[in-house]
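Chemist: Residue numbers (the working numbering): 80 to 504.
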Amino acid sequence: MVENSKQPSQRLIWLWVLAGFLFQTIPAAIRDEALPVALKNAGLANTTITQVVSILGLIVTCKVLWAPILTLIGKPRRLILTTQIGTALILFVLAYAVSAQSNHLFLIGTALALLSLSSAAHDFLLDGYYVSSLSDRQRSAHAGLLSFSSKLGQVLAGPGLIWLAGYALSHQSTPSEAWSHALTLAALATLGILLFTIIAFNREPNEVDHLTSPREKLNEMKTAVVSLMRDSRIPALLGLIVFYRLSEVHLIRVVPLFSLDSHAHGGLSLSNEHFAFLRLMTAILGLALGGIIGSWIIAKRGLAESLLPLGFCMHLPLLGIAWLSYYPDQPISVVSTLFFIEYVAFGAGVCALLLAMMRVASGPHAAVRYAILSSIAIISVYVPGIWAGALSERLGYSGYFIFSITLAIPGLVSAAIAQRQLREV
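In structure tokens, the structure reads:
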């Protein structure tokens, strides 16, 4: 919690939201975007790739276990900065681990696991601070910026690193050198973002030290968990978390593999550089526009009334991706248009889901409540990856995307149920 000893006009909320959530998505982008491409280039099967990424992603759900520890050892803003420093150091270690001088699988795996642990702590702290230090109106006003910065970080640290590595490979660098240089640049970028976070936090109100004992804090956490479980909106929200973006969850696990595979295997046959450039150019504008559109619609219609229309729009781009899997030999302009539409729709839909989670989490013990909800959301994103690769190999890309379209039905049903439960009283 913060003490409102400073006027709202003095705060730089936009800056720490932009910097913090941009930073937050860098580890996830490396895991979800860059790692699958690196493993695909190494010749691993789709099944293995999606399973490795899912296991690393599920480590992030330990944020719930982090919660009791982090609430006892320090103030949120100081801990946020500490985890950002730790993440930057781990990235430097990872850059060394993949270099020709090291290139040791155990060190690479350890660094990736530590990156997930560090990002889990950062996610819990930053999400909790966003929920607990801002009012409903402030959260809604900055939701578009949150969505934009999150997706921008994902795009720059994902396709951006893929492009850098591909460029280095095309200029006679070895794979180890290419990925080591790309990860070093990512680590340097995190240090720059850390600086902006420090500047913004220096303008925040003073944090209140409640001087509570560890036992009292643990009792507060227990109260938070019990209150969350007793919340009448929880069943509807859980359905929304699990099903609302289920189609897109399956889509995002396989689209990079589909893009890199050859026409003979039903893919788009894009090179690393072309794939990264395509994602980079369509995603930045698409996600920014999607976040703005979603935030604007929610501000005009209200959160509950926006869930169903945004959910419907979020699922429409799957039809275009499925069509592309039947006719993959398309001009790059057609492919980029379909990718762009998918990003716009996804950005708008995720904006609604995040605000729904924040609405239920808000109030006393908001940080712990949101950590629980976001951990469930992470599980719902990564668990399908365990079978997504195997399913795409069995059904083929076209059959897999048709299967993904059918998952829109429970997503829309969950939106309709949540629409009734999340209306303002």
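All C-beta atoms, glycine included, are put in the ideal place defined by N, C-alpha and C. Being a predicted model, the structure only gives us computed values, none of them experimental.
Put residue 285 into one of helix, strand or coil per three-state DSSP.
Modeler: To locate residue 285, count along the sequence shown from 1; it is residue 206. Residue state, collapsed to three classes: coil.
Chemist: Are the beta-carbon atoms belonging to residue 361 and residue 236 less than 8 angstroms from one another?
Modeler: The residue labelled residue 361 in the question sits at position 282 within the sequence shown. The residue labelled residue 236 in the question sits at position 157 within the sequence shown. It is not a contact, given that the beta carbons lie outside the stated cut-off.
Chemist: Suppose the cutoff is 6 angstroms on Cβ atoms and the five residues either side in sequence are ignored; what does the same chain contact list for residue 505 look like?
Modeler: Because the chain is modelled from 80 through 504, residue 505 falls outside the range shown and cannot be assessed.
Chemist: Beta-carbon separation of residue 167 and residue 94 under 8 angstroms?
Modeler: Taking the sequence shown and counting its residues from 1, one reaches residue 167 at position 88. Taking the sequence shown and counting its residues from 1, one reaches residue 94 at position 15. No, Cβ-Cβ distance for residue 167 and residue 94 is not below 8 angstroms.
Chemist: Might you give, ordered along the chain, the residues of its own chain that have their beta carbon closer than 7 angstroms to the beta carbon of residue 391, omitting 5 neighbours on each side?
Modeler: Here residue 391 refers to the residue found at position 312 of the sequence shown. 491, listed in sequence order.
Chemist: Between which two residues does the alpha helix (DSSP H) harbouring residue 247 extend?
Modeler: Here residue 247 corresponds to residue number 168 of the sequence shown, with the count starting at 1. Note, residue 247: alpha helix (DSSP H), 238-248.
Chemist: Between residue 326 and residue 113, which are expected to be in contact by the criterion C-beta below 8 angstroms, what is the C-beta distance as a whole number of angstroms?
Modeler: Looking up residue 326 in the sequence shown gives position 247. Looking up residue 113 in the sequence shown gives position 34. The Cβ separation is near 24 angstroms, so there is no contact.
Chemist: Is DSSP giving residue 342 helix, strand or coil here?
Modeler: Stepping through the sequence shown from its first residue, residue 342 is reached at position 263. Correct three-state label for residue 342: helix.
Chemist: Could you tell me whether the region 430-437 touches the region 305-321, where touching means 3 or more Cβ pairs closer than 8 angstroms?
Modeler: With a cut-off of 8 angstroms, the region 305-321 and the region 430-437 count as touching, because enough Cβ pairs lie within range.
Chemist: Just checking my contact of residue 450 with residue 100 at CB under 8 angstroms: how many whole Å lie between their CB atoms?
Modeler: Your numbering for residue 450 matches position 371 in the sequence shown. Your numbering for residue 100 matches position 21 in the sequence shown. With 8 angstroms as the limit, residue 450 and residue 100 do not qualify as a contact, their Cβ atoms being about 16 angstroms apart.
Chemist: Residues in the same chain with beta-carbon distance under 8 angstroms from residue 499, minus the five sequence neighbours each way, listed in chain order, please.
Modeler: On the sequence shown, residue 499 is found 420 positions in, with the first residue counted as 1. Excluding residues within five positions, the ones whose Cβ falls inside 8 angstroms are 315, 383.
Chemist: Using a Cβ-Cβ cutoff of less than 6 angstroms, which residues in the same chain neighbour residue 194 once the five nearest sequence positions on both sides are dropped?
Modeler: The residue labelled residue 194 in the question sits at position 115 within the sequence shown. Excluding positions up to five away in sequence, the list reads 106, 169.
Chemist: What residue does the alpha helix (DSSP H) around residue 206 start on, and which one ends it?
Modeler: If you number the sequence shown from 1, residue 206 lands on position 127. Here the alpha helix (DSSP H) through residue 206 covers 184-212.
Chemist: Are there 16 or more other CB atoms within 10 angstroms of the CB of residue 444, so buried, or fewer, so exposed?
Modeler: For the purposes of this step, residue 444 is taken as the residue at position 365 of the sequence shown. Its Cβ being crowded by 16 or more others within 10 Å, residue 444 is buried.
Chemist: Would you say the region 415-428 touches the region 299-309, given that touching needs at least three Cβ pairs under 8 angstroms?
Modeler: Judged by Cβ distances under 8 angstroms, the region 415-428 makes no contact with the region 299-309, as fewer than three pairs qualify.
Chemist: Threshold first: 4 residues or longer. Then list the alpha helix (DSSP H) segments lying entirely within the region 92-150, N to C.
Modeler: Runs found: 92-108, 114-120, 125-138.
Chemist: Does the beta-carbon distance from residue 269 to residue 160 come in below 8 angstroms?
Modeler: Within the sequence shown, numbered from 1, the residue matching residue 269 stands at position 190. Within the sequence shown, numbered from 1, the residue matching residue 160 stands at position 81. No, they are not a contact pair.
Chemist: Thinking C-beta only, is residue 332 closer than 8 angstroms to residue 467?
Modeler: Counting from 1 along the sequence shown, the entry for residue 467 is found at position 388. Counting from 1 along the sequence shown, the entry for residue 332 is found at position 253. Their beta carbons are under 8 angstroms apart, which means residue 467 touches residue 332 by this criterion.
Chemist: Beta-carbon within less than 6 angstroms of residue 328's beta-carbon, same chain only, minus the 5 sequence neighbours each way: which residues are those?
Modeler: In the sequence shown, the residue the question calls residue 328 occupies position 249. Counting only Cβ-Cβ distances below 6 angstroms, and skipping sequence neighbours, we find 460, 463.
Chemist: Assign residue 428 to buried or exposed, taking buried as 16 or more other Cβ atoms, counted over all protein chains shown, within 10 Å of its Cβ.
Modeler: On the sequence shown, position 349 is the one that residue 428 refers to. Residue 428 should be labelled buried.
Chemist: Taking all protein chains shown into account, do 16 or more other C-beta atoms lie within 10 angstroms of the C-beta of residue 97, making it buried, or fewer, making it exposed?
Modeler: In the sequence shown, residue 97 corresponds to position 18, counting from 1. So residue 97 counts as buried.
Chemist: Helix, strand or coil: which one does DSSP assign to residue 301?
Modeler: Mapped onto the sequence shown, residue 301 falls at position 222. Helix.
Chemist: Could you give the DSSP three-state label for residue 230: helix, strand or coil?
Modeler: Your numbering for residue 230 matches position 151 in the sequence shown. The answer is helix: DSSP assigns residue 230 an H, G or I state.
Chemist: With distances taken Cα to Cα, identify the nearest neighbour of residue 474 among 405, 111, 225.
Modeler: In the sequence shown, the residue the question calls residue 474 occupies position 395. Residue 474 has its Cα closest to that of 405, out of 405, 111, 225.
Chemist: From residue 254 to residue 312, what distance separates their C-alpha atoms?
Modeler: As a position in the sequence shown, residue 254 is number 175, starting the count at 1. As a position in the sequence shown, residue 312 is number 233, starting the count at 1. Looking at the two C-alpha atoms, the distance is approximately 50 angstroms.
Chemist: Should residue 196 and residue 173 be called a contact, given that it needs their Cβ atoms to be closer than 8 angstroms?
Modeler: One-based indexing of the sequence shown puts residue 196 at position 117. One-based indexing of the sequence shown puts residue 173 at position 94. Cβ atoms of residue 196 and residue 173: not closer than 8 angstroms.
Chemist: When DSSP labels each residue in this structure, what does residue 154 get in the three-state scheme?
Modeler: Against the sequence shown, residue 154 aligns to sequence position 75. The answer is coil: DSSP assigns residue 154 none of H, G, I, E or B.
Chemist: Determine contact between the region 395-404 and the region 242-256, defined as no fewer than three beta-carbon pairs at a distance below 8 angstroms.
Modeler: Segments in contact, no.
Chemist: On the three-state DSSP scale, how would you describe residue 318?
Modeler: For the purposes of this step, residue 318 is identified with residue 239 of the sequence shown, where counting begins at 1. It is helical.
Chemist: Please return the same chain residues whose Cβ sits closer than 6 angstroms to the Cβ of residue 457, not counting the five positions on each side in sequence.
Modeler: Within the sequence shown, the letter at position 378 stands for residue 457. The answer, listed in chain order, is 139, 140.
Chemist: How about residue 227 and residue 355: are their beta carbons less than 8 angstroms apart?
Modeler: Translated into positions along the sequence shown, residue 227 becomes position 148. Translated into positions along the sequence shown, residue 355 becomes position 276. No, they are not a contact pair.
Chemist: Comparing alpha-carbon positions, which option in 177, 267, 476 lies nearest residue 343?
Modeler: As a working note, residue 343 is residue 264 in the sequence shown. Of the listed residues, the one whose Cα sits closest to residue 343 is 476.
Chemist: Could you give the DSSP three-state label for residue 85: helix, strand or coil?
Modeler: The residue given as residue 85 occupies position 6 in the sequence shown. With a pLDDT of only 47 at residue 85, under 50, the local geometry of the prediction cannot be trusted, and the value read off the model is given with reservation. Note: residue 85 maps to coil in three-state DSSP.
Chemist: In whole angstroms, what is the alpha-carbon distance linking residue 371 and residue 127?
Modeler: Here residue 371 refers to the residue found at position 292 of the sequence shown. Here residue 127 refers to the residue found at position 48 of the sequence shown. Cα-Cα distance, rounded: 36 angstroms.
Chemist: Short of 8 angstroms in beta carbon distance, which residues of its chain neighbour residue 320, apart from the five on each side in sequence? Order them along the chain.
Modeler: As a working note, residue 320 is residue 241 in the sequence shown. Excluding residues within five positions, the ones whose Cβ falls inside 8 angstroms are 432, 436, 452, 455, 456, 459.
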